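Asks: Please see the structure below; I have some questions.
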Amino acid sequence: MNLIWASILIPVATAAVIAVANARAARSLAAVGSLASLGALAAFAWQFPAWSTGAVFPEPCGCAWLDSINATLGVGFDSVSLMLALLEAFLIPICVIGSWTAISDRQREYYGWFMLLHASILVAFAARDVLLFYVGYEFTLVPLLFIIAIWGGPERRQAAHKLFLYTFLGSLFFLGSILFVGWQHHASTGLWSWDMGTLSSFASARLPANTQFWLFAALLAGFAVKVPLFPVHTWLPLAHNQAPTAGSVILAGTLLKLGTYGIFRLALPMAPEGGAALAVVASVLCTVAVVYAALICWVQTDAKKLVAYSSVSHLGICMLGLFALNPVGAQGSVLYMINHGLSTGALFLLIGMAYERYHVKDMDQIGGLAKRMPVWAFFMVFFTMSSIGLPGLNGFVGEYLCLFGTYIATGDASTGYPGLLGPGFALVAGTGLILGAMYMLLLVGRYVFGPLREPKDESHGKHAHDDHGAGHGDLTGREVGLLVPLALVCLFIGVYPKPMLQAIGPVVERTLAPYPAAVERTLKSQPQAAEAAKAEPKEDDRG
Amino acid sequence: MNPIDPQLPPGDPLVMLGLLASAILFAVGIVGFLSRRNMITMFLCTELMFQGAGLAMISYGRQHMDLSGQVFVIFILTVAAAEAALALGLVVLLYRRKETLSAEAWKELAES
Amino acid sequence: MIAAPAMLSSVLALAEGPLDAHAAPELRWAGLALLLPLLSGVLCLLCGWMKVRSKLPAALTIAALGGAFATILRLQGVVGETPVVINLFDWISWTWGDASRFHGFTANVDLYVDRLTVFWMLFVTGLGTLIALYASEYMESDVGKGYTRFFGAVSIFLFAMGCLVMGGNLVMLYLGWEGVGLASYLLIGYYFTKPEAVAAAKKAFIVNRIGDLGLALALFLTWQCYGTVEYAALWKAIEAAPASSEWTAQAIPWLLMLGAFGKSAQLPLYVWLPDAMEGPTPVSALIHAATMVTAGVYLIARMFPLFVVNPDALAAVAWVGGLTALLAATIGMAQYDMKRIWAYSTISQLGYMFLGLGVGTTFGASYHVFTHAFFKALLFLTAGAVMHGFAGQLDIRKLSGLLKVPGFRLVSLLAVLGCFWLAAFPFTAAFFSKDEILVSAFTAKDERVHLLGWIGLVVAALTAYYTFRVGFRVFFGPVKYEPGDEHHGHDDHGHGHDAHGSHGSHGSHGSHHGHHAEFHPHGPRWAIRVPLVLIAVGAILAGWPSYRTMLNHDEPNWVKTQVVQSSAYQGGSADSHGSHAGHDESSNEVAHAEQAHADHGHLVLGMDAHTAVGRLGSLACIAGILVSLYLHLINRGAADALRRTLMGSIATRWIVVGAERKWMVDEFYDWVIRLPLRLIANILSAIDELLLDAGIVNGLGALPAAVGRLFRPLYGGVVQGYAVTMAGGVALVAAWVIWIWLRGAN
């Protein structure tokens with residue numbers, strides 16, 4: 087408990103210290119603060135007793151926040167949220183230290199905002215009270231707005247504007263839904279409660295199916311913007327493209343995961359009837375996103391934009407696994423959230439490192455950098471392989487389980503979890519494997535390999551000033567030091583995912599507990615669909 | 496106020512005349528305010544509306560046999576005097592800036 | 066309370082895996098065959114880190130691969146008829162619900178060691194070691210540059226290939242499958258500053274990915290049908306329910322096939338292999354001829370129980386194999402780049418292997434894999450030695466009479482030996498293995514594949530022709546050569562930096578080499594010669610099992626023994642064969658075929674199939690060689706004249722142009738798949754940016770502003786304007802109040 091608050095408050099305190107400290111000390115202070123926060127959270131994780139039970143620890147306290155409606159400051163982790171929080175705490179020091187040379191103006195504000203961003207993301211993952219979750223979830227926008235709007239690329243204003251308004255609009259659906267559920271709870275029991283567990287069990291058991299349908303739709307609409315799902319993804323490429331490197335890393339790394347986490351934590355448990363009813367629609371969107379975004383990636387010339395669109399494609403697979411509504415897919419999905427954060431975050435970091443040297447990320451102007459920066463090229467290939475799901479690296483397990491879960495999510499109940507998707511969805515989403523290789527290897531083939539192409543104006547005075555001695559040489563020790571931990575974690579998850587799978591398993595089963603029944607009901611309510619599902623194998627027999 | 500309000504019977508001529516005069520004063524004031532561009536004239540028109548409102552209060556005061564209406568009017572007169580001093584001072588300042596009394600010279604509030 | 070330390074200790078405990086009690090203790094070391102290449106891979110990475118500028122990486126790799134080979138040799142001695150599963154550590158494994166069947170998924174890092182595994186690993190590690198030794202000299206001009214990277218990738222390749230072959234479940238196979246793909250990608254793109262190499266590497270990876278998707282889906286289906294993807298449990302499940310008629314079970318072989326066709330370069334996915342020749346020659350020999358491309362054959366052989374129940378799928382495999390063999394042979398006849406010719410011949414020979422699988426002789430296919438591995442590696446390596454000595458020259462029109470060039474006699478002799486083997490000259494190893502396949506094709510139960518026997522014979526003749534076209538042109542005849550465009554003294558093999566690319570693409574170079582006159586080819590030294598000789602010995606010895614069987618009919622073919630006692634030979638569980646001796650072949654497809662031929666049930670041209678195929682095959686081979694002898698040695702002008710004649714007539718012109726331009730398959734794919742996809746992608750990108758983002762999203766974003774603009778005239782900045790608005794507002798409120806009042810009054 088205290089360690090959780092320590093990990094949240096240390097960055098806040100660091101931000102306060104940075105605000106009054108010397109500008110030159112800001113980056114060191116931020117690094118110390120973020121590492122201390124990671125340390126606190128790691129210490130908590132070390133003695134976390136619920137790795138294999140799926141329970142929430144510690145029991146959320148009733149400590150008052152808004153007394154009149156009984157909103158609390160309840161925080162607590164289960165293994166899934168703890169893993170995501172650890173990912174966040176792990177990425178933040180990398181972002182901070184990765185910005186050491188990239189950010190040269192207004193350093194105090196930059197690192198201060200970063201610390202606040204960190205704290206609010208941790209609040210969101212730790213919260214057990216939906217209102218507190220909302221506050222953490224929503225407050226992330228404020229630091230991010232400033233980080234993008236001040237330290238971003240040439241279109242930073244527009245990007246920040248769009249990011250803020252777009253995701254804010256999405257959050258309103260989410261806020262409306264949870265207020266509705268809280269109000270219903272009050273109307274039905276006479277008590278106010280905003281505890282996630284209480285509200286979930288109340289809503290799933292007491293709200294009629296029709297209400298659950300709309301509740302799920304609203305929550306999905308809210309979180310889909312954040313994920314982002316097709317077709318509400320258009321803020322993401324712009325934001326990624328304009329954000330400073332560290333902003334992109336944290337955006338891809340954990341901010342998007344707030345959306346997937348929200349669906350996993352709130353939408354699925356609160357409205358199983360709605361989830362079952364809407365799973366197919368949502369999955370169609372996911373599947374479209376996989377192919378659509380992958381094809382768009384393939385024709386991008388801007389390296390950063392390519393990786394940004396690849397996030398849309400990847401998260402399509404991730405969400406598809408979730409909507410498979412069986413433990414295989416959901417396990418894969420949760421694992422995929424973490425893997426995507428690691429590998430895409432690392433790719434953004436790498437692109438940022440090259441950008442710092444050349445100030446160009448358009449692959450028409452720059453390429454073949456392996457000749458100049460072999461170490462950079464090594465990491466680039468490594469994380470590309472991780473991103474396209476090479477077995478033995480982290481991407482594989484999550485992606486594979488997501489597709490696997492989708493595949494076996496047929497009406498057949500032999501797994502104990504009948505589903506609504508099936509081979510067709512897996513086949514279409516599976517083309518993402520091919521398309522993923524196509525665009526990522528295009529990136530590697532042009533950006534990393536091939537004949538060396540450097541921008542002509544490299545001797546430009548402004549650049550020399552910005553370089554801070556990084557020059558055009560290979561990665562510095564500091565940069566390698568950032569990438570090696572990421573690579574090691576990727577390798578570890580790829581080689582030995584068992585502890586993570588075992589930790590995620592119970593939580594997933596708990597979340598999906600109401601689903602077999604709900605899916606059965608949905609299947610029954612769609613007699614034509616059910617008949618078609620039965621008729622399908624016969625047709626294939628003939629053929 | 497008293498639960499039983501002593502009241503003149505409806506249709507007292509003095510009250511009706513007073514109300515009519517106040518309505519005319521107010522109408523003249525508002526039309527003048529909306530139609531004229533000279534700031535001093537506009538200010539005079541606001542004064543007219545003020546006095547119209549004051550006259551209405553006195554009239555209702557008489558109708559209700561209550562002195563509060565007249566008390567308010569005395570307050571309004573003092574406030575109006577102070578306001579007149581302030582407003583005319585502002586008008587003088589504005590005139591010095593642009594050498595004109597037209598209100599149209601001042602449209603910084605317009606969007607774009 | 067303290068669960069995390071427990072997690073850590075379980076990580077440490079995975080070092081020792083449990084083992085069946087009855088298995089030989091040596092089997093415990095099977096994991097070494099994987100660990101050693103992995104170790105050398107890691108050490109190469111460290112070498113790269115430390116910027117080692119010596120041949121240390123090569124030494125490490127050779128030592129590790131040699132160790133792996135020794136391990137496999139040791140295993141060969143002890144591996145029994147019962148497969149042994151060795152669990153190294155848990156990888157993906159968990160259950161849900163009541164943990165019954167279909168309530169859990171297990172894919173651990175297991176090794177499944179049976180005779181087929183060991184047989185396959187034997188030539189993989191053996192050739193791997195020899196080719197690494199060869200490469201240590203071949204790549205020496207890159208010492209300090211790409212040398213470490215090269216050997217690191219070779220180590221990764223051997224590790225992944227080990228996972229593929231020894232893995233105990235389909236997910237492990239998939240790991241190896243993708244791992245060899247990665248190694249192949251890295252090695253094809255070894256000269257990474259050369260755009261062709263990068264493009265070829267990318268193409269190889271992507272085309273393989275198409276197959277991989279099939280493999281992945283097959284894996285899901287397997288689980289869905291049988292509840293497991295582990296071989297041992299899978300065989301049991303199949304035995305329990307052998308011939309499921311559900312579409313799911315029927316679809317598995319088709320999807321597996323897709324994966325196999327991708328990796329083994331068969332129609333329609335073969336297009337990556339010729340381009341893969343952009344990689345250094347040892348890579349072509351090791352990965353793209355001897356080992357990796359046989360992974361598809363291994364996959365189908367290993368999963369044969371799933372194929373046996375589906376005759377349609379088997380026939381499809383046979384036909385794809387046969388047609389690929391034919392197509393690739395015709396292309397190979399018309400190419401001029403020595404490596405490309407060998408590449409097409411690899412595709413063609415792989416076609417034979419699939420033909421063999423399709424007609425049910427996993428033994429024939431595996432035997433052909435085995436013999437092919439040696440002679441094709443030999444041919445590639447000799448081509449590499451030539452290329453190494455002649456500054457990258459590979460054009461068969463610009464090399465002649467190398468047998469008489471000092472320093473190249475040994476290489477030339479070995480190359481000619483390889484040619485005889487590839488042409489399946491009577492009583493060479495390949496003759497026997499090809500014979501096995503063709504006999505099965507003629508005698509197969511399934512009538513639909515009999516025609517393939519004849520196609521196979523035609524391909525045999527074509528093979529002999531194009532093989533000796535290279536052999537006679539390059540190694541015989543008058544001494545004449547032009548160096549390639551690599552800088553002599555080979556300061557740099559990665560010559561492609563200056564993008565004069567495509568060495569050996571015909572006709573692009575020649576006259577502009579001023580130093581042509583002073584060019585002196587240099588012969589290879591021992592590190593190239595020794596592997597060449599050893600591989601040649603291997604190629605000769607590969608026929609040994611057949612010689613012994615020929616002399617003594619009761620003695621079973623050694624390779625057959627290896628293949629029979631595995632999952633590759635029947636529809637049931639491997640265990641059911643535990644009691645069978647090697648030559649006891651009842652209850653399997655091939656045995657059926659052979660019995661049939663023993664009964665003279667299948668006659669080919671009135672002769673018993675074996676005799677007929679032997680004679681016809683010899684005839685085809687010798688005919689091909691004789692044609693080649695005339696056109697390419699005795700009267701070289703005749704070949705050009707023939708070409709001119711064919712080109713002269715409209716009716717025959719397409720044959721030459723088609724074969725030389727590889728039947729336009731690449732172009733076809735480009736037009737039919739890549740370009741439309743590219744177009745769609747561009748359209749989608751435009752839709753995303755213009756319609757979705759700029760149109761809908763920004764449009765909705767502009768809505769509030771538009772509404773504001775509607776009321777803007779009211780706030781023109783003039784005081785009276787505001788006053789009118791206010792007065793109007795007051796009037797509206799007043800009107801509303803009056804309206805309410807009037808309504809109330811009613």
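Protein chains in written order, with our numbering: chain W, 87 to 629; chain H, 496 to 607; chain G, 66 to 811. C-beta: ideal position from N, C-alpha, C; glycine also. Remember, predicted model here, so these are calculated numbers, not experimental data.
Residues of chain G with a CB under 8 Å from the CB of T517/W: which are they?
Replies: Reading the first sequence from its first residue, position 431 is the one you call residue 517/W. Going along chain G in sequence order, the residues near T517/W (Cβ under 8 Å) are L278.
Asks: Are any of the Cβ atoms in chain G nearer than 8 Å to that of N88/W?
Replies: Locating residue 88/W in the first sequence gives position 2, where the first residue counts as 1. Not closer than 8 Å to any Cβ of chain G, the Cβ of N88/W fails to qualify, so no.
Asks: Which residues, in order along the region 527-561 of chain H, keep a beta-carbon less than 9 Å from a beta-carbon of chain G?
Replies: Per Cβ criterion, the list reads F528, L529, S530, R531, R532, M534 and M537.
Asks: Closer than 8 Å between beta carbons: that is the criterion. Which residues of the region 572-603 of chain H meet it against chain G?
Replies: Residues A598, E599, W601, K602 and E603.
Asks: Applying the criterion that 16 or more other CB atoms from any shown protein chain within 10 Å of the CB defines a buried residue, is T717/G buried or exposed?
Replies: Position 652 of the third sequence holds residue 717/G. T717/G comes out exposed.
Asks: Identify which residue in S349/G, Y177/G and G782/G has its Cα closest to the Cα of Y199/G.
Replies: Working through the third sequence from its first residue, we reach residue 199/G at position 134. Out of S349/G, Y177/G and G782/G, S349/G has the C-alpha closest to the C-alpha of Y199/G.
Asks: Decide yes or no for the touch test of the region 456-468 of chain G against the region 389-406 of chain G: beta carbon pairs closer than 8 Å, at least 3 of them.
Replies: Short answer: they touch.
Asks: Please state whether the Cβ-Cβ distance between G415/W and H168/G is less than 8 Å.
Replies: As a first step, residue 415/W is located in the first sequence; it is residue number 329 there, counting from the start. As a first step, residue 168/G is located in the third sequence; it is residue number 103 there, counting from the start. It is not a contact, given that the beta carbons lie outside the stated cut-off.
Asks: With 8 Å as the limit, tell me which residues of the region 725-753 of chain G have their beta carbon closer than that to any beta carbon of chain W; keep them in chain order.
Replies: Residues passing the 8 Å Cβ filter: L742, R743, I745, A746, N747, L749, S750 and D753.
Asks: Check each candidate in A525/G, V678/G and E725/G and name the one with the smallest Cα separation from I687/G.
Replies: To locate residue 687/G, count along the third sequence from 1; it is residue 622. Per the Cα distances, A525/G.
Asks: Which whole-angstrom value describes the C-beta separation of F257/G and A456/W, a residue pair presumed to lie in contact below a C-beta threshold of 8 Å?
Replies: Counting from one through the third sequence, the residue named residue 257/G turns up at place 192. Counting from one through the first sequence, the residue named residue 456/W turns up at place 370. At roughly 6 Å, the Cβ-Cβ gap stays under 8 Å, so F257/G and A456/W are in contact.
Asks: How is Q502/H classed by DSSP in three states: helix, strand or coil?
Replies: To locate residue 502/H, count along the second sequence from 1; it is residue 7. Note: Q502/H maps to coil in three-state DSSP.
Asks: Pull up the distance between the alpha-carbon of M544/H and that of L503/H, whole angstroms please.
Replies: Walking along the second sequence from the start, residue 544/H turns up at place 49. Walking along the second sequence from the start, residue 503/H turns up at place 8. Their backbone Cα atoms lie some 26 Å apart in a straight line.
Asks: Nearest CA to the CA of S190/W: which residue from R110/W, L577/W, G125/W and A122/W?
Replies: For the purposes of this step, residue 190/W is identified with residue 104 of the first sequence, where counting begins at 1. Closest option to S190/W, Cα to Cα, is R110/W.
Asks: Could you say which of L124/W, P97/W and A126/W lies nearest to A112/W if we only look at CA atoms?
Replies: Taking the first sequence and counting its residues from 1, the one referred to as residue 112/W is at position 26. Comparing Cα positions, the closest option is P97/W.
Asks: State yes or no: is the beta carbon of V414/W nearer than 8 Å to at least one beta carbon in chain G?
Replies: Walking along the first sequence from the start, residue 414/W turns up at place 328. So yes, V414/W belongs to the interface.
Asks: Scan the region 515-527 of chain H for residues whose Cβ lies nearer than 8 Å to a Cβ of chain G and list them as they occur along the chain.
Replies: Listed by position along the chain: I525.
Asks: Hey, how far is the Cα of H204/W from the Cα of P179/W?
Replies: Here residue 204/W corresponds to residue number 118 of the first sequence, with the count starting at 1. Here residue 179/W corresponds to residue number 93 of the first sequence, with the count starting at 1. Taking the straight line from one Cα to the other gives about 10 Å.
Asks: Between I236/W and R192/W, which are expected to be in contact by the criterion C-beta below 8 Å, what is the C-beta distance as a whole number of angstroms?
Replies: Your numbering for residue 236/W matches position 150 in the first sequence. Your numbering for residue 192/W matches position 106 in the first sequence. Indeed they touch by this definition, with Cβ atoms about 7 Å apart.
Asks: For a test of the three-state rule: what should DSSP assign to K268/G, helix, strand or coil?
Replies: Start at 1 with the first residue of the third sequence, and residue 268/G comes out as number 203. Looking at K268/G - three-state DSSP - the assignment turns out to be helix.
Asks: Do A325/G and L364/G have their C-beta atoms closer together than 8 Å?
Replies: Along the third sequence, one-based indexing puts residue 325/G at 260. Along the third sequence, one-based indexing puts residue 364/G at 299. Yes, Cβ-Cβ distance for A325/G and L364/G is below 8 Å.
Asks: Rounding to the nearest angstrom, what Cα-Cα distance links L238/G and M231/G in this structure?
Replies: Position 173 of the third sequence, counting from 1, holds the residue named residue 238/G. Position 166 of the third sequence, counting from 1, holds the residue named residue 231/G. Cα to Cα, the separation comes out at about 8 Å.
Asks: Does any C-beta atom of chain G lie closer than 8 Å to the C-beta of V385/W?
Replies: On the first sequence, position 299 is the one that residue 385/W refers to. V385/W counts as touching chain G.
Asks: Are there 16 or more other CB atoms within 10 angstroms of the CB of K267/G, so buried, or fewer, so exposed?
Replies: Here residue 267/G is taken as the residue at index 202 of the third sequence, counted from 1. Looking at its Cβ environment, which holds 16 or more other Cβ atoms inside 10 Å, K267/G is buried.
Asks: Please report the Cβ distance between G361/W and D281/W, rounded to the nearest whole angstrom; I am assuming they are in contact, meaning their Cβ atoms lie under 8 Å.
Replies: Sequence index remark: in the first sequence, residue 361/W carries index 275 (1-based). Sequence index remark: in the first sequence, residue 281/W carries index 195 (1-based). Not really, about 20 Å apart at Cβ, beyond 8 Å.
Asks: Going by CA-CA distance only, name the one from F469/W, P317/W, L421/W and R539/W that's closest to S749/G.
Replies: As a position in the third sequence, residue 749/G is number 684, starting the count at 1. The question names Ser, but residue 749/G in the sequence shown is Leu. Among F469/W, P317/W, L421/W and R539/W, the Cα nearest to that of L749/G is on P317/W.
Asks: What residues from chain G crowd round A523/W, counting only those whose CB sits closer than 7 Å?
Replies: Reading the first sequence from its first residue, position 437 is the one you call residue 523/W. Going along chain G in sequence order, the residues near A523/W (Cβ under 7 Å) are F270, I271 and R274.
Asks: With 7 Å as the C-beta to C-beta threshold (strictly closer), list the residues of the region 158-180 of chain G near chain W in chain order.
Replies: Cβ contacts with chain W: S158, W159, W161, G162, F167, H168 and F170.
Asks: What residues from the region 250-271 of chain G come within 7 Å of chain H, judged by C-beta to C-beta, listed N to C?
Replies: From the region 250-271 of chain G, no residue has a Cβ closer than 7 Å to chain H.
Asks: Which residues, in order along the region 565-595 of chain W, keep a beta-carbon less than 7 Å from a beta-carbon of chain G?
Replies: Answer in chain order: Y582, P583, K584, P585, L587, Q588, G591 and E595.
Asks: Is the distance from the Cβ of V730/G to the Cβ of V434/G below 8 Å?
Replies: Reading the third sequence from its first residue, position 665 is the one you call residue 730/G. Reading the third sequence from its first residue, position 369 is the one you call residue 434/G. The answer is no: Cβ separation not under 8 Å.
Asks: Compute the Euclidean distance between the alpha carbons of A515/W and G438/W, then round it to the nearest angstrom.
Replies: Position 429 of the first sequence holds residue 515/W. Position 352 of the first sequence holds residue 438/W. Straight-line Cα distance between these residues: approximately 30 Å.
Asks: Quick one: is V789/G near chain H, going by C-beta distance under 8 Å?
Replies: Residue mapping note: residue 789/G aligns to position 724 of the third sequence, counting from 1. Chain H, which has a Cβ nearer than 8 Å to the Cβ of V789/G, makes this yes.
Asks: Here's a check: name, in chain order, each residue in its chain whose Cβ is nearer than 8 Å to the Cβ of A175/W, leaving out the five neighbours to either side.
Replies: As a first step, residue 175/W is located in the first sequence; it is residue number 89 there, counting from the start. S93, S120, S123, L124, L127, A128, H204 and L208.
Asks: Find the nearest neighbour of L512/H within the set S554/H, H559/H, E594/H and A577/H, judged by alpha-carbon distance.
Replies: Numbered from its first residue, the second sequence carries residue 512/H at position 17. Cα-wise, what sits closest to L512/H is S554/H.
Asks: Mind checking if G782/G is an interface residue toward chain H, Cβ cutoff 8 Å exclusive?
Replies: As a working mapping, residue 782/G is identified with position 717 in the third sequence. G782/G counts as touching chain H.
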